[in-house]
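Asks:
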Amino acid sequence: MKFAFAFLLGIFLVTAEAFPTKPIRLVVPFAPGGSSSIVARSVAAEMSKTLGQEIYIENKGGGGGNLAMNDVAHADADGYTLIIGHVGSLAMTPFISANPGYDVNRDFAAVSLLAKVPNIFVVHAGVPAKNLREFIALAKAKPGQLYYGSAGNGSAGHLAMEYLKLLSGADIQHVPYKGTGPNLIDLIAGRTHATSAGTPPLMPHVKSGKLRVIAVGTAKRLHSMPEVQTVAEQGYPGFEASQWYGLNAPAKTPPAVIKRLADEAAKAVKAPSVIQRFSADDAEGVGSTPQEYADYIAREQARWREVIQKANVKAD
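Under the numbering used here, the first residue of the sequence shown carries the number 6, and numbering increases by one thereafter.
#1: Just verifying my parser: in three-state terms, what is the DSSP assignment at residue 63?
#2: Per DSSP, residue 178 forms a beta bridge with which residues?
#3: Just to confirm my understanding: we take residue 153, look at its own chain, exclude 5 residues before and 5 after, and list those with CB closer than 8 Å. What are they?
#4: Which residues does DSSP pair with residue 30 in a beta bridge?
#5: Check the C-beta distance from residue 184 over to residue 156 and give it rounded, since I have them as a contact under 8 Å.
#6: Please state whether DSSP places residue 311 in a helix, a strand or coil.
#7: How long is the line joining the alpha carbons of residue 298 and residue 96, rounded to whole angstroms?
#8: Residues bridged to residue 4 by DSSP?
#9: In the DSSP output, what is residue 200 paired with across the bridge?
#10: Buried or exposed, going by whether 16 or more other CB atoms sit within 10 Å of the CB of residue 60?
#11: Count the other CB atoms, across all protein chains shown, that sit within 10 Å of the CB of residue 307; report buried if there are 16 or more and exposed otherwise.
#12: Let me make sure I understand the geometry here. Which of 24, 23, 302, 76 has the alpha-carbon closest to that of residue 31?
#13: Straight-line CA distance for residue 210 to residue 127?
#14: Does the contact criterion of 3 or more C-beta pairs under 8 Å hold for the segment 34–52 versus the segment 285–294?
#15: Span of the beta strand (DSSP E) holding residue 220?
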């Protein structure tokens, strides 16, 4: 028995030390161009150098990330297929969709938390509110007469706004769109009044003067706009809503392979080129152990489950 165990352990260690021996597929569960692709491409480029094998990106949008999640959930658990985990697919969708086709906690292994991209809250330039306090006061003075758009029912922006509504008691109507693009078209045209999303798609319109930032959803202010207060600073202590991204693998991927990937991912997010790229979007590189990331996912699931239940958010 001892000989057999030692033999199997030896094979396992040799396999882990040899990993990787071929290119690695990294699936991004959204269309190209968003924060998920920026995080994936930046980190993959650095990890490819240290692992000695290419990590190539495969964008696979659709179903709010479900198509990609199902693909990777059923892939070989050998470390050669990975996915960019996201707050939506890991901590929100499981409590909105009755049958997404995968079980987050059963079908995936946590590798490393890669980055947090701040959510910001913006209004159309014509809305007479210079900050979140004034916007909430306006919404309470006109219950049901203000509209906010989102990238879709159950999206991170949708739930960030519902979280804010629960805490503030404001009556603001939700208008779901099929993606961030259509949402912003109507917001910029003034057909809706507000939205919450990550910084990359919003900042060009803020800089042009078409939108105004009234709050940031992170725990601390952003270096690019230090004058804008956080939601917490404006009367809602403890509020935080960020778009976070991690690295996940199919369940049963060998622990030593997971650790190798986590170690290299943690190095990658601290590389000067990655820090510079993230800084352009106020993103924060994190890097974590698999257990730290797993614990973070569990905390986020608990928080967003409560929001979803209280706000009665349902799948389309």
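Positions of the beta carbon are idealized from the N, C-alpha and C atoms, including for glycine.
Replies: Working from what's here:
#1: strand
#2: 152
#3: 166, 177, 178, 179, 180, 197, 198, 199, 200, 201
#4: 61, 86
#5: 5 Å
#6: Here residue 311 sits in helix by DSSP.
#7: 12 Å
#8: Since the first residue of the chain shown is 6 and the last is 321, residue 4 is not available in this structure.
#9: 127, 154
#10: Classification for residue 60: buried.
#11: exposed
#12: Closest option to residue 31, judged by alpha-carbon separation, among 24, 23, 302, 76: 76.
#13: 10 Å
#14: yes
#15: 216–221
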